[in-house]
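Quick note: the sequence shown uses the working numbering, first residue 63, plus one each step. All C-beta atoms, glycine included, are put in the ideal place defined by N, C-alpha and C. To start, the structure itself, in structure tokens.
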Amino acid sequence: MRGSVQLGLLKGIPFMQVEALDRDDRNTAHAELRFSLMEQTPRIPSSQMFFIDSITGEVSLTEEGASALDPEMCGRYKLSVMVKDMAGRANAFFTTGIVTVEVTGNTWASPDPVRLQENLPGPYPIPISQVKWSGSQAEYSLEGEFPEMLFTISREGVIYLNAPLDRETQDQFQISIVVERPDGREIAKPVELRVMVGDANDNRPTFPQAQYHTVVKELAARGTEILTVQAADNDDPKTDNVRIFYRLVGQIPESPRALFRVDRDSGVISVQADSMEGTAPQYTLTITAEDAKGLNSSCTVVVTVQDENNNPPVFSQHEYGPFHIPEDAPVGTTVTAVLAGDADVRGGDSWQVDYRLESGNEEEVFTLVTDKQTNEVSLVLSKVLDFERESEYILVLSAQNPVALVRGRYGPASTATVSIYVDDINEGPILSQSHYEVTVREGEEPGRVIATIRGYDPDSHPIRYSLRGDTKKYFSIGKYSGELKTVQALDREENSTYTMEVIAVDGRNFSLSASTLVTVQILDVNDNSPVLVGDYSWKYLCTPRWEDQALVLASRDSDGPQHGGRLNFSLRSDATVRRNWKLTPINDTHTNLSLNIPYLAPEVYTVPFTISDSSSPPRSTFINLPVTVCPCNVRGNCKMAAKQLEGMPTIQSAVGILLGTFTVIGTILIVVFVRLSYQNPKRPSKSNQETVPLKMSI
């Protein structure tokens with residue numbers, strides 16, 4: 063038997079079939095045939111180049127055979143094939159045969175690359191290439207990254223282009239051509255067709271943006287580059303289709319012409335004029351980009367001419383004034399306003415003017431206020447004027463820009479002199495102090511100078527002094543000297559502080575005056591002795607002595623705390639007095655008087671003691687205080703009248719007179735006293751005695 067195998071055939075694809083016949087019944091195992099490959103001659107480049115299907119007898123290449131098959135190495139192989147019946151069992155009949163296989167070449171190969179021009183006019187489809195499988199019957203298909211139906215292949219292997227190509231969309235295609243058997247099994251490896259798209263000049267150059275903005279300085283020299291515009295062309299960069307030429311086709315405003323130019327090849331825009339001074343502040347240029355075919359597009363370039371500080375500010379005149387201003391002009395008064403003009407563009411830093419007072423204002427009497435909208439400067443008064451101190455000011459005013467000059471320098475025209483005369487105004491007196499505080503000891507001899515009010519008149523006019531607010535006429539002031547004196551001795555206990563106003567009047571103009579406040583503090587002198595305060599005639603002490611029973615004695619000193627702060631009570635230095643009585647201090651002004659012995663005979667006693675202040679030396683007051691001592695009932699009430707002091711009426715005589723006059727009332731009083739005497743005993747009530755200490759004074 064003979065067969066042929068083509069180069070490029072994949073493994074497992076049958077290229078021939080071995081057939082055998084068995085006369086036994088085909089429906090039994092007797093006729094069930096099995097094929098096997100016994101031997102391959104020659105055994106190069108491998109001993110296993112072929113494979114036979116045991117059931118169908120189809121012969122195909124192994125993996126080694128598909129990859130190593132080479133007609134130049136071996137163009138013919140002989141295969142020894144055995145066939146058995148009984149499905150190949152041991153008791154089967156068999157026979158052998160020789161299969162001669164010729165190795166043949168194949169036309170299945172990648173076709174040459176194809177170059178197609180974009181936008182071909184047609185008609186379509188256009189055949190562009192062809193492939194051929196020279197072996198068994200085959201079918202073809204195309205695979206790759208291209209729009210569906212852009213490329214197709216016929217049964218004969220002819221490849222067609224079905225629509226125009228666009229190089230800018232895709233400049234080449236890699237097409238895989240697949241060959242298959244009718245049953246869909248791939249016969250050989252796909253081959254590749256490369257389709258390259260040739261460029262046609264079908265794209266106009268375009269700018270990446272429609273409008274550009276740039277700045278050129280006013281003093282830019284001829285040839286100064288201000289901007290580069292670049293257009294892009296989507297045609298093939300390897301061809302002349304992308305060569306772009308630039309032209310300046312419009313300028314707004316049009317005058318003056320020839321201010322700018324654009325390089326034909328590079329797109330560099332530069333200054334063509336010798337100077338940009340005096341030109342418009344802004345220009346709009348139209349630039350065109352055009353390729354060799356004449357396809358073009360345009361953009362606009364907005365050029366702003368940047369002002370430079372090439373003009374110093376100058377004053378319209380060298381001297382201003384003289385200006386007159388009264389010396390009483392309030393702070394903030396505008397003396398004058400001047401302007402230094404600048405020829406640079408209004409509103410820019412080169413146009414703004416900074417003014418400065420170079421001399422004549424060392425004491426900062428004036429300040430400058432500039433209007434940034436107009437560049438006008440106002441000379442404003444910042445301190446109070448004084449004609450007597452300075453009657454004339456000569457100010458040197460300079461004007462400069464906040465940015466440096468790029469050409470020229472500041473000359474005399476940028477400096478001006480301002481003359482100001484201060485007009486004299488009659489001013490009122492001025493007092494050296496707004497408030498005087500004076501101290502005077504009480505009781506001092508009248509007529510002593512306690513203060514001197516000092517003032518001066520800026521115009522050297524005489525000053526007259528007077529008092530206001532001294533209603534009691536305790537003080538006087540020298541009409542011209544300003545000496546303040548006391549007219550009479552002052553008593554701090556009457557008034558500790560005096561406040562009055564001193565008026566200083568211009569001797570030549572009574573409407574001009576000044577005033578100051580004078581406060582006179584009276585210093586305390588120990589001129590008052592302490593006194594006993596209160597009525598103690600109705601109070602009494604019980605005998606025998608009751609615990610915690612005492613008379614609360616109160617005292618007062620009219621002097622200040624320095625002298626009368628703490629008052630001291632002391633018994634007379636008498637043995638009997640000190641034996642019978644006791645003084646116990648409560649606070650600075652109160653003390654307790656109580657019995658010092660358990661029992662003292664009922665009687666009205668005179669208790670001698672002294673009250674002294676805390677000054678040095680102290681002032682004292684001697685007191686003889688009558689104190690009633692009587693027996694008391696259990697409630698602490700005095701049961702009977704004590705013996706009276708000589709010359710004093712008795713309680714019984716007073717009661718007799720009352721009984722004689724008011725008999726009925728006397729009878730009722732007797733009944734009341736009798737009933738009170740037999741009531742239940744009760745301890746003396748502390749509320750009837752001043753035994754609660756008063757609050758200490760600090």
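Given that a residue counts as buried once 16 or more other Cβ atoms are within 10 Å of its Cβ, and exposed if not, what is residue i?
i	result
Y483	exposed
I249	buried
R848	Residue coverage of the chain in this structure runs from 63 to 760, which leaves residue 848 outside it and unanswerable.
R64	exposed
R229	buried
K73	exposed
E454	exposed
W600	exposed
A342	exposed
M211	exposed
T566	The amino acid occupying residue 566 in the given sequence is Ala; Thr does not appear at that position. That one is buried.
P76	buried
P592	buried
E381	exposed
D327	exposed
D610	exposed
M148	buried
Q344	exposed
S337	exposed
E125	exposed
D597	exposed
G119	buried
P267	buried
V511	exposed
Tell whether a beta-carbon distance below 8 Å holds between residue i and residue j.
i	j	result
S444	V480	no
L131	V67	yes
V397	F377	no
P375	A402	yes
G422	L457	yes
V365	I349	no
G70	Q179	no
N590	S620	yes
D411	N263	no
I515	T559	no
V431	V442	yes
L574	N488	yes
V689	L603	yes
L99	I117	no
Q192	I160	no
I188	I215	no
V691	E665	yes
R96	G150	yes
E339	E280	yes
L459	A478	yes
P491	G517	yes
Could you please give me the residues that DSSP links to residue i through a beta bridge?
i	result
L204	I239
L141	Q102, V161
T683	I673
S538	K547
C692	C604
V480	Y382, L457
E125	The partner list for E125 (beta bridge, DSSP) is empty, contrary to what the question assumes.
A566	Y527, A576
M63	M63 is not bridged to any residue.
With hydrogens ignored, establish whether the beta-carbon of residue i is closer than 7 Å to any heavy atom of the ligand GDP.
i	result
M135	The ligand GDP is absent from the structure shown, which contains no ligands of any kind.
| Touching or not, the stretch 138–145 and the stretch 86–103, by the rule of three or more beta carbon pairs under 8 Å? | Because the criterion of three Cβ pairs below 8 Å is met, the stretch 138–145 and the stretch 86–103 touch.
| Taking one C-beta from the stretch 573–588 and one from the stretch 642–662 each time, how about it: are there three or more such pairs within less than 8 Å? | As far as the Cβ criterion goes, the stretch 573–588 does not touch the stretch 642–662, which means the pair count is below three.
| message | Taking 8 Å as the cut-off, does the stretch 192–208 touch the stretch 162–181 (at least 3 CB pairs, one atom from each stretch)? | response | Segments in contact, yes.
| What are the start and end residues of each continuous beta strand (DSSP E) run of 3 or more residues lying completely inside the stretch 332–387, in chain order? | DSSP assignment within the stretch 332–387 yields the following whole beta strand (DSSP E) runs of 3 residues or more, N-terminal first: 344–353, 358–368.
| task | Count the C-beta pairs between the stretch 463–471 and the stretch 539–555 that are closer than 8 Å, then say yes if the count reaches three, no if not. | result | No, the stretch 463–471 does not touch the stretch 539–555.
| How do the stretch 663–676 and the stretch 632–651 stand: do at least 3 beta-carbon pairs fall below 8 Å, yes or no? | Contact holds: three or more Cβ-Cβ distances are below 8 Å.
| Along the chain, which unbroken stretches of the alpha helix (DSSP H) at least 4 residues long are found entirely within the stretch 584–655? | Annotation: the stretch 584–655 contains the following complete segments of the alpha helix (DSSP H) (minimum length 4 residues), in chain order: 623–626, 637–642.
| request: Spell out a yes or no on whether the stretch 269–279 and the stretch 305–318 are touching, meaning 3 or more CB-CB pairs, one atom from each, closer than 8 Å. | output: Because the criterion of three Cβ pairs below 8 Å is not met, the stretch 269–279 and the stretch 305–318 do not touch.
| task | Report yes or no: do three or more beta-carbon pairs, one from the stretch 291–310 and one from the stretch 349–361, lie closer than 8 Å? | result | The stretch 291–310 makes contact with the stretch 349–361, as at least three CB pairs between them are under 8 Å.
| request: Would you mind listing the beta strand (DSSP E) stretches within the stretch 398–435 that are 3+ residues and don't spill past its ends, in chain order? | output: Runs found: 416–421, 428–432.
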